[in-house]
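Asker: Can you read through this structure? Questions will come right after.
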Amino acid sequence: MNEVETYREFNSILNSLNPYSMDLTLDRIKDFCSKIGNPQNSFRSILVGGTNGKGSVCQYLTDCFVSSGYACGTYTSPHLILPNERIKINNKPVDFSMLLDYAKFIQGINFEGLTYFEFLTVLAFLVFKDFKVDVAVLEVGMGGEFDATNVVNPILSVLTSISLDHEEHLGRTVEEIALTKSKIIKKLGIVSKNADKVVDVIKRNVKTSVYFVDDEYLKKAKDLNAKNAVNLDNVAVTLLAIDVLNEKYGFKLNYGALRKSFWPGRFEVLSVNNKTVILDGAHNMAGIANLKRLLESSGVFNDSSALVFSSLTTKRWKEGLKQVLDGFECICPVGIKNKLGVDPYEIKDFLEGKKFNGEIRVFKSVSEALNQLLTSKFKNIVIAGSLYLVGEALACFLVE
Numbered sequence: 002m003n004e005v006e007t008y009r010e011f012n013s014i015l016n017s018l019n020p021y022s023m024d025l026t027l028d029r030i031k032d033f034c035s036k037i038g039n040p041q042n043s044f045r046s047i048l049v050g051g052t053n054g055k056g057s058v059c060q061y062l063t064d065c066f067v068s069s070g071y072a073c074g075t076y077t078s079p080h081l082i083l084p085n086e087r088i089k090i091n092n093k094p095v096d097f098s099m100l101l102d103y104a105k106f107i108q109g110i111n112f113e114g115l116t117y118f119e120f121l122t123v124l125a126f127l128v129f130k131d132f133k134v135d136v137a138v139l140e141v142g143m144g145g146e147f148d149a150t151n152v153v154n155p156i157l158s159v160l161t162s163i164s165l166d167h168e169e170h171l172g173r174t175v176e177e178i179a180l181t182k183s184k185i186i187k188k189l190g191i192v193s194k195n196a197d198k199v200v201d202v203i204k205r206n207v208k209t210s211v212y213f214v215d216d217e218y219l220k221k222a223k224d225l226n227a228k229n230a231v232n233l234d235n236v237a238v239t240l241l242a243i244d245v246l247n248e249k250y251g252f253k254l255n256y257g258a259l260r261k262s263f264w265p266g267r268f269e270v271l272s273v274n275n276k277t278v279i280l281d282g283a284h285n286m287a288g289i290a291n292l293k294r295l296l297e298s299s300g301v302f303n304d305s306s307a308l309v310f311s312s313l314t315t316k317r318w319k320e321g322l323k324q325v326l327d328g329f330e331c332i333c334p335v336g337i338k339n340k341l342g343v344d345p346y347e348i349k350d351f352l353e354g355k356k357f358n359g360e361i362r363v364f365k366s367v368s369e370a371l372n373q374l375l376t377s378k379f380k381n382i383v384i385a386g387s388l389y390l391v392g393e394a395l396a397c398f399l400v401e
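So the sequence shown is numbered by this note's numbering: it starts at 2 and just counts up by one.
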């Protein structure tokens, strides 16, 4: 079986799974892990939760472990292009041939009906066990308390910024969401700079030691001058985590690796056809606010710029789009290959209703939009609103 056939069979198994069958007890994945010998207990783990910045912090921590000589497994979600991006050993995605073997094993005994995310989480546990990693850095999925990753007993739990997102599942207020996400803190906790009401919830409800990022760590993050950092809060919380890991567990990690860390799809800047293309997966209000800040500081809003935009129907896309529409001469609503994708003509109607003064061009796909924009008058092309959109855009550049 060649690589393409292996990928297709692996993907076919994943696509046969229920993606959304919520289990608010963790019983399903606990039962399954118990049945296969609790592989999640065979390695030290670090959980990284929050609303925005989780993937970046996972990458920062991974780079620090790998550069210091530790064997490190990394589990993140979602993937941008290929599903094996989610499971890495020492920064390298695991081969599909190996993933397929694990997937067939899990599929053969999956009487519990694991969801897509639970299935991949268990698969990651098995990979990390068999590779005998020194530590696994695990990104929490949507939530916290009842997220599949929360079956581990982490040596450290990290919370990045917490804001409104997935309210239908996590809570209607930022305080409720903070409480849900704080449930991943079991032994030691590290918390990024957050609103006072978020910090108060964590202090009141977490009964173990928690360390909070302060101005000193924000200054350290700024002084570090990390090349690809788009949010200093994510750097700062990583620096604090490194110090706590060294002090409490005797790791010998240093900050140096963070200077070159890179997490794709988060204000990723490319040069294509003498144009600047910026890809950012911002898909909630806090993420779009950060994107707006970066676009303003980089001068994109003061230059000839077009926005390629799409979102999921589950997101507050209208409020997000309102934040940035005045910075563009042209906005291009596009279709994406996700059943929850917003109809691009609905986005067009919204822009017209808001009396957007620029040009509106609707495209069936991001590839169609790029084919036109890369030969247009616009100097900057910003692709934002959804990680799924960014993934499709990156795939276009790979094909080219």
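Using N, Cα and C, we set each Cβ at its ideal position, and we do this for glycine too.
Just so we're clear, the structure is a prediction, and the values are computed from it rather than from any experiment.
Once the 5 residues before and after GLN41 are set aside, which same chain residues still bring their CB inside 7 angstroms of it?
Answerer: These residues qualify, in order along the chain: CYS34, PHE126, VAL152, VAL153.
Asker: Within its chain, find whatever has a CB closer than 8 angstroms to the CB of SER183; leave out the 5 residues flanking it on each side and keep chain order.
Answerer: Cβ neighbours of SER183 beyond the five flanking positions: GLY145, LEU160, GLY190, VAL202, ILE203, ASN206, VAL207.
Asker: Per DSSP, ARG317 is paired with what?
Answerer: None, per the DSSP bridge assignment.
Asker: Within a Cβ cutoff of 7 angstroms, which residues of the same chain sit near LYS223, ignoring the five residues on either side of it in sequence?
Answerer: The residues are LEU233.
Asker: For GLY257 and LEU388, which I take to be in contact (beta-carbon distance under 8 angstroms), what is that distance rounded to the nearest angstrom?
Answerer: Actually they are not in contact, since the Cβ atoms of GLY257 and LEU388 sit about 29 angstroms apart, beyond 8 angstroms.
Asker: Please list, in chain order, all residues of the same chain as VAL67 whose beta carbon is under 8 angstroms from its beta carbon, the five residues on each side excluded.
Answerer: Only CYS73, ASN91, ASN92, ALA258 meet the Cβ criterion.
Asker: Which residues mark the beginning and the end of the alpha helix (DSSP H) in which ASN16 is found?
Answerer: Taken as a continuous stretch (DSSP letters only), the alpha helix (DSSP H) holding ASN16 covers 4-16.
Asker: With distance defined between alpha-carbon atoms, name the residue in SER158, ILE47, SER306, SER78 nearest to VAL134.
Answerer: It is ILE47.
Asker: Tell me the start and end of each unbroken alpha helix (DSSP H) in the stretch 167-240 that is at least 4 residues and wholly inside, in chain order.
Answerer: For the stretch 167-240, whole alpha helix (DSSP H) runs of length 4 or above, ordered along the chain, are 168-171, 175-183, 197-206, 216-225.
Asker: What does a CB cutoff of less than 6 angstroms around SER193 pick up in its chain, not counting 5 residues either side in sequence?
Answerer: Hits under 6 angstroms: THR161, SER162, VAL214, ASP234, VAL238.
Asker: With DSSP as the reference, label PRO155 as helix, strand or coil.
Answerer: Coil, per DSSP.
Asker: Could you compute how far the alpha carbon of CYS65 sits from the alpha carbon of GLU113?
Answerer: Distance between the alpha carbons of CYS65 and GLU113: 37 angstroms.
Asker: Suppose only complete runs of 3+ residues qualify. What are the beta strand (DSSP E) ranges in the stretch 250-308, listed by chain order?
Answerer: Qualifying beta strand (DSSP E) stretches, in chain order: 269-273, 276-281.
Asker: Mind checking which residues open and close the alpha helix (DSSP H) that includes LYS355?
Answerer: Looking at the DSSP string, LYS355 is not in any alpha helix (DSSP H), and its letter there is neither H nor E.
Asker: If distances are taken between C-alpha atoms only, which option among ALA137, LEU115, ILE156 comes closest to ALA149?
Answerer: Of the listed residues, the one whose Cα sits closest to ALA149 is LEU115.
Asker: Grouping DSSP H, G and I as helix and E and B as strand, with all else coil, what is VAL414?
Answerer: This structure leaves residue 414 out entirely; the chain is present only between 2 and 401.
Asker: Decide if the stretch 366-379 is in contact with the stretch 307-322; the criterion is three or more beta carbon pairs, one per stretch, under 8 angstroms apart.
Answerer: At 8 angstroms Cβ cutoff, the stretches touch.
Asker: Spell out a yes or no on whether the stretch 372-392 and the stretch 262-282 are touching, meaning 3 or more CB-CB pairs, one atom from each, closer than 8 angstroms.
Answerer: Yes: the two stretches touch, three or more of their Cβ pairs being nearer than 8 angstroms.
Asker: Suppose you measure from the CA of GLU168 to the CA of ASN85; what does that come to, to the nearest Å?
Answerer: With a pLDDT of 49 at GLU168, under the threshold of 50, the predicted position of this residue should be treated as unreliable, though the coordinate-derived value follows. C-alpha separation (whole angstroms): 29 angstroms.
Asker: Can at least three beta-carbon pairs, one atom from the stretch 353-363 and one from the stretch 326-336, be found at a separation below 8 angstroms?
Answerer: Yes, they touch.
Asker: The alpha helix (DSSP H) with THR122 in it runs from where to where?
Answerer: Unbroken alpha helix (DSSP H) run through THR122: 117-131.
Asker: Considering just the uninterrupted stretch of the beta strand (DSSP E) at ALA370, what are its terminal residues?
Answerer: From DSSP, ALA370 is part of no beta strand (DSSP E) but of the alpha helix (DSSP H) over 367-374.
Asker: Measure the Cβ-Cβ separation of THR181 and VAL138 and say whether it is below 7 angstroms.
Answerer: No; because the gap between Cβ atoms is not below 7 angstroms, this pair is not in contact.
Asker: Report buried or exposed for GLN60, applying the criterion of at least 16 other Cβ atoms within 10 angstroms of its Cβ.
Answerer: Buried: at least 16 other Cβ atoms inside 10 Å.
Asker: Count the other C-beta atoms from every protein chain shown that fall within 10 angstroms of the C-beta of ASN255, then say buried if there are 16 or more, exposed otherwise.
Answerer: Per the 10 Å Cβ criterion, exposed.
Asker: How many Å lie between LEU15 and LEU246 at the Cα?
Answerer: Each residue's alpha carbon lies about 35 angstroms from the other.
Asker: Drop a sphere of 10 angstroms on the beta-carbon of TYR218, count the other beta-carbons inside from all chains shown, and report buried for 16 or more, exposed for fewer.
Answerer: The residue in question, TYR218, is buried, as its Cβ has 16 or more Cβ neighbours within 10 Å.
Asker: What residue range is occupied by the uninterrupted alpha helix (DSSP H) comprising ILE37?
Answerer: Careful: ILE37 lies outside any alpha helix (DSSP H) and carries neither H nor E.
Asker: Between the C-alpha atoms of THR77 and GLY251, what's the straight-line distance to the nearest angstrom?
Answerer: Each residue's Cα considered, the two are about 25 angstroms apart.
Asker: Along the chain, where does the beta strand (DSSP E) that runs through ILE107 open and close?
Answerer: First-last for ILE107: 97-109, but that is the alpha helix (DSSP H), not the beta strand (DSSP E).
Asker: Count the other CB atoms within 10 Å of the CB of ILE88; is the residue buried (16 or more) or exposed (fewer)?
Answerer: With 16 or more other Cβ atoms within 10 Å, it is buried.
Asker: DSSP three-state label for ASN19, please.
Answerer: Correct three-state label for ASN19: coil.
Asker: Can you tell which of ASP131, VAL273, ILE156, ASN372 has its C-alpha closest to the C-alpha of VAL95?
Answerer: Checking every option, the nearest Cα to that of VAL95 belongs to ASP131.
Asker: Looking at the secondary structure, which residues open and close the beta strand (DSSP E) in which TYR71 lies?
Answerer: First-last for TYR71: undefined, no H or E at that position.
Asker: Measuring only the C-alpha atoms, how far is LYS253 from SER69?
Answerer: Between LYS253 and SER69, the C-alpha separation is close to 7 angstroms.
Asker: Are GLY56 and ILE185 touching if we call contact CB-CB under 7 angstroms?
Answerer: Result no, Cβ atoms of GLY56 and ILE185 do not sit closer than 7 angstroms.
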